[in-house]
Structures are given as structure tokens and as C-alpha cells.
Amino acid sequence: MPYGSINNMEKAFSHCQVRVGQIVNIIDSHATNDGKLKVTGFPIKFSDTKPSIELVPRFWANIQTKSITKL
Numbered sequence: 125m126p127y128g129s130i131n132n133m134e135k136a137f138s139h140c141q142v143r144v145g146q147i148v149n150i151i152d153s154h155a156t157n158d159g160k161l162k163v164t165g166f167p168i169k170f171s172d173t174k175p176s177i178e179l180v181p182r183f184w185a186n187i188q189t190k191s192i193t194k195l
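Residue 174 in our numbering is what sits at position 50 of the sequence shown, and the numbering runs on without skipping anything.
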């Protein structure tokens with residue numbers, strides 16, 4: 125039976141395999157105070173294809189603001 129330590133989120137995301145495997149990406153976002161947003165990366169990577177993030181995730185505040193202004 126495989127077993128291992130149970131990590132909290134901070135410990136899990138600071139692990140060396142997460143940094144080397146680029147599991148967490150930092151993207152520009154106007155929804156945060158510092159303009160940076162950490163998002164999880166791509167679970168599968170191919171040798172000839174470099175994955176990239178093309179769109180910033182939508183936030184509910186943006187959607188609600190647009191909906192309210194239409195009313």
C-alpha cells in the first residue's frame with residue numbers, strides 16, 4: 125500500500141517538483157491588488173508542444189458588473 129505525508133496547500137505548492145514541472149503559473153490580472161494571479165498549470169506536457177495561457181480567467185465581479193450595467 126503506497127503512503128506518504130499529508131501536506132497542506134502551502135507545503136504542497138512549494139514542493140520542488142511543483143516548481144520544476146511548472147505546475148503553478150503566474151499570469152497578469154487586473155482583479156488582484158498586485159496584478160498577478162497564480163493559477164495551476166497544465167497536467168500533461170508534450171515534448172513538441174509548449175502549452176500557454178491565452179486568456180485570463182473571468183471573475184464573477186466582472187460578469188455581474190456587465191449584467192447590472194445592461195439593466
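By construction, the Cβ of each residue, glycine as well, lies at the ideal position given by its N, Cα and C atoms.
Can you give me the start and stop residues for the beta strand (DSSP E) that Lys162 sits inside? In the sequence shown, the residue the question calls residue 162 occupies position 38. That run of the beta strand (DSSP E) goes 160–164.
May I ask which residues mark the beginning and end of the alpha helix (DSSP H) holding Phe137? Numbered from 1 along the sequence shown, position 13 holds the residue referred to as residue 137. It spans 133–137 - the alpha helix (DSSP H) in which Phe137 sits, taken as one unbroken run.
Beta-bridge partners of Asn149, as assigned by DSSP: To locate residue 149, count along the sequence shown from 1; it is residue 25. BP columns for Asn149 point to Val163.
CB Val148 to CB Thr173, shorter than 8 Å? Along the sequence shown, one-based indexing puts residue 148 at 24. Along the sequence shown, one-based indexing puts residue 173 at 49. Cβ atoms of Val148 and Thr173: not closer than 8 Å.
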